[in-house]
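Take a look at the structure below.
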Amino acid sequence: MSLRTIFLAHAEADHEFARRLTEFLEFGCNVICDTDEGLILPGEDLIGKVENGLATDAIVLLLSEASCPARWPRERWEPVLFEEAHRARVELVTVLLSDCPFPTLLQRRNFVDARTNRLAALRLLKRWIWQRDRGPGQLLNAAFSADLEDFYSRLADKAGTLEVSGAAALRFAREASQQFEAVLWVPCFHRSLAQIAGELGSQLGLCLEGTTEENCRKIQDLLSARRCLLVLDAPDSNVVVALVPQGRTSTLVTFDSVSVVETPESLAYARTLISDRRYAEAYELLYCLLRSGVVPETCARELTWICEHWDRIEEANSLRFRYGPEPSEQLALF
1461 MSLRTIFLAH AEADHEFARR LTEFLEFGCN VICDTDEGLI LPGEDLIGKV ENGLATDAIV
1521 LLLSEASCPA RWPRERWEPV LFEEAHRARV ELVTVLLSDC PFPTLLQRRN FVDARTNRLA
1581 ALRLLKRWIW QRDRGPGQLL NAAFSADLED FYSRLADKAG TLEVSGAAAL RFAREASQQF
1641 EAVLWVPCFH RSLAQIAGEL GSQLGLCLEG TTEENCRKIQ DLLSARRCLL VLDAPDSNVV
1701 VALVPQGRTS TLVTFDSVSV VETPESLAYA RTLISDRRYA EAYELLYCLL RSGVVPETCA
1761 RELTWICEHW DRIEEANSLR FRYGPEPSEQ LALF
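When you line the sequence shown up against the numbering used here, it's residues 1461 to 1794, in that order.
Here it is as C-alpha cells:
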C-alpha cells in the first residue's frame, strides 16, 4: 500500500519537531504531511485529533508529556486507534519523543522510539514509508552503521554527490536502499556514455529514442524530480557531467569498479537495441561494425533508418550514397 498523505498528531510543544519531520519526509518520500491540522489545540486531546486524521493514508502519533492525555480510558482510545483506523484502512505509527504514559499495545506495531536519537527515528520512519510502497514482502531494515554516518548525512538526509570506493558504495547501497525510492546501480567501466545512459534509462523504465545528449537530458529531468540513489560505478568524468542530476536524487561515484559489463559487438545485438528503441546505443555500435567491415550494407541500412528518425537527412543520404546498391544492381531489378 503506497502512502501519499500523512497526518501528524502532536502537541504545541512538539510543533517544531513536527515541522522538521514534515520537511524531512516530504523531501525524502513522495508524501504530503498534514502538520498544522494535526496540532492539538486548547480544548482538544490526542484521541480526538486522531479522529480528524482518519481520511489520510497514515497517522503519526508524536507522543510526549505534552501530547499524552492525563488518562487513557481504554473504551475511548481502543475504538479510535485500532477499530476505526482499521476500518478506514489508515496506518497508525507511534513515535515516542519523551517518557510518558501510553498503552503498551501501541508498541506492538509501527513503533519508533525517538527518545535518545531523533535523527535515527526520522530515518527509520522514512524507511518505513518506502517499505510500504514496495509492498508487504520486504522487511523493514533498522540497521544504521555508525561508520556510514557521513553517507547518511550527505546522501540520505538530503540530496548530494559523494565519490567513494566501490566497496563502501556497495555497503551503503545495500544498507540504505530503503532510504530511497530506488537504487540505480550502473556499471560504467569501459562503457560509452550512450551505453551507460541506455542502461540507466532501462532501469528507470524510460523509452530513450533520441541521441545520447537528448537521452541524458531526459534522464536528468526525471531524476531531478525523484528521490533515488544513483550509483555510477567507475565512470569517466564526462559521464559524471552528463548524468549527475540536480534536484532530489543523490549520486555515489566510485573510483574503482565493482561490476564490469561486456557489451556484445554484433549485428544481432544492434538489432536487439533497435527493437528496444535504444537507438543511440545501436547507432554507436553499427558505426563500429561498419568501420570493421562487418556486413556494411546492412549496417548502413539500419543507420540510415536511425538517422531519418532523428531528422539527420544529410547523414542518411550520405550513407545511402556510399553503401547503397550499385546502379547496375538497381537496373537488374527491372
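Just so it is clear, CB atoms sit at the ideal spot from N, CA and C, and this is done for glycine as well.
Near residue i, what residues of its chain come up, given a Cβ to Cβ distance below 8 angstroms and the 5 sequence neighbours on each side ignored?
i, result
"residue 1699", "1648, 1653, 1656, 1692"
"residue 1561", "1528, 1532"
"residue 1507", "1529, 1536, 1537, 1540, 1541"
"residue 1513", "1467, 1469, 1494, 1497, 1498, 1519, 1550"
"residue 1660", "1644, 1646, 1679, 1690, 1703"
"residue 1625", "1714, 1715, 1716"
Give me the Cα-Cα distance between residue i and residue j, rounded to the nearest whole angstrom.
i, j, result
"residue 1780", "residue 1729", "22 angstroms"
"residue 1477", "residue 1645", "34 angstroms"
"residue 1679", "residue 1761", "29 angstroms"
"residue 1594", "residue 1462", "8 angstroms"
"residue 1686", "residue 1530", "43 angstroms"
"residue 1769", "residue 1666", "18 angstroms"
"residue 1598", "residue 1581", "19 angstroms"
"residue 1517", "residue 1708", "23 angstroms"
"residue 1764", "residue 1609", "52 angstroms"
"residue 1488", "residue 1481", "10 angstroms"
"residue 1515", "residue 1668", "40 angstroms"
"residue 1526", "residue 1684", "39 angstroms"
"residue 1641", "residue 1589", "10 angstroms"
"residue 1752", "residue 1584", "54 angstroms"
"residue 1465", "residue 1491", "6 angstroms"
"residue 1682", "residue 1749", "32 angstroms"
"residue 1766", "residue 1776", "8 angstroms"
"residue 1733", "residue 1627", "31 angstroms"
"residue 1556", "residue 1731", "58 angstroms"
"residue 1746", "residue 1591", "42 angstroms"
"residue 1706", "residue 1617", "15 angstroms"
"residue 1771", "residue 1623", "39 angstroms"
"residue 1479", "residue 1501", "16 angstroms"
"residue 1631", "residue 1486", "26 angstroms"
"residue 1782", "residue 1662", "34 angstroms"
Which stretch, first to last residue, makes up the beta strand (DSSP E) that contains residue i?
i, result
"residue 1467", "1465-1469"
"residue 1623", "1621-1624"
"residue 1765", "Unbroken run through residue 1765 is the alpha helix (DSSP H), 1756-1769; no beta strand (DSSP E)."
"residue 1518", "1518-1523"
"residue 1813", "As shown, the chain starts at 1461 and ends at 1794. That puts residue 1813 outside it, with no answer to give."
"residue 1554", "1551-1556"
"residue 1571", "1571-1573"
"residue 1492", "1492-1494"
How would you label residue i, buried or exposed, when you count the other beta carbons within 10 angstroms and need 16 or more for buried?
i, result
"residue 1565", "exposed"
"residue 1504", "exposed"
"residue 1785", "exposed"
"residue 1471", "buried"
"residue 1524", "buried"
"residue 1755", "exposed"
"residue 1701", "exposed"
"residue 1774", "exposed"
"residue 1715", "exposed"
"residue 1587", "buried"
"residue 1720", "exposed"
"residue 1606", "exposed"
"residue 1552", "buried"
"residue 1629", "buried"
"residue 1568", "exposed"
Using C-beta distances below 7 angstroms, list every residue in its chain close to residue i, excluding the 5 sequence neighbours before and after it, in chain order.
i, result
"residue 1603", "1635"
"residue 1704", "1621, 1711"
"residue 1797", "Residue 1797 is absent from the structure shown; the chain starts at 1461 and stops at 1794."
"residue 1558", "1524, 1525, 1575"
"residue 1724", "none"
Determine the extent of the alpha helix (DSSP H) in which residue i is found, giving its start and end residues.
i, result
"residue 1804", "The structure shown does not extend to residue 1804, since the chain is modelled only from 1461 through 1794, so no value can be given for it."
"residue 1537", "1534-1538"
"residue 1637", "Unbroken run through residue 1637: none, as it is neither H nor E."
"residue 1727", "1727-1735"
"residue 1593", "1578-1594"
"residue 1748", "1739-1751"
"residue 1691", "Here residue 1691 belongs to no alpha helix (DSSP H); instead the beta strand (DSSP E) covers 1688-1693."
"residue 1699", "1697-1703"
"residue 1508", "1506-1512"
"residue 1472", "Note, residue 1472: premise wrong, no alpha helix (DSSP H); not H, not E."
"residue 1659", "1653-1664"
"residue 1776", "1773-1783"
For residue i, I'd like the list of residues in its chain whose CB is within less than 6 angstroms of its CB, leaving aside the five on either flank, ordered along the chain.
i, result
"residue 1643", "1633, 1637, 1689"
"residue 1710", "1615, 1619, 1620, 1689"
"residue 1601", "1638"
"residue 1473", "1526"
"residue 1695", "1648"
"residue 1521", "1469, 1554"
"residue 1484", "1582"
Taking only beta-carbon positions, decide if residue i is within less than 8 angstroms of chain D.
i, result
"residue 1498", "Of the protein chains in this structure there is only one, and it is not chain D."
Margin query: I'd like to know if the stretch 1572-1579 and the stretch 1532-1548 are in contact, where contact means that at least 3 CB-CB pairs between them fall below 8 angstroms.
Written below: These segments do not touch.
Fill in: Three-pair Cβ contact test at 8 angstroms for the stretch 1670-1678 versus the stretch 1736-1747
The stretch 1670-1678 makes contact with the stretch 1736-1747, as at least three CB pairs between them are under 8 angstroms.
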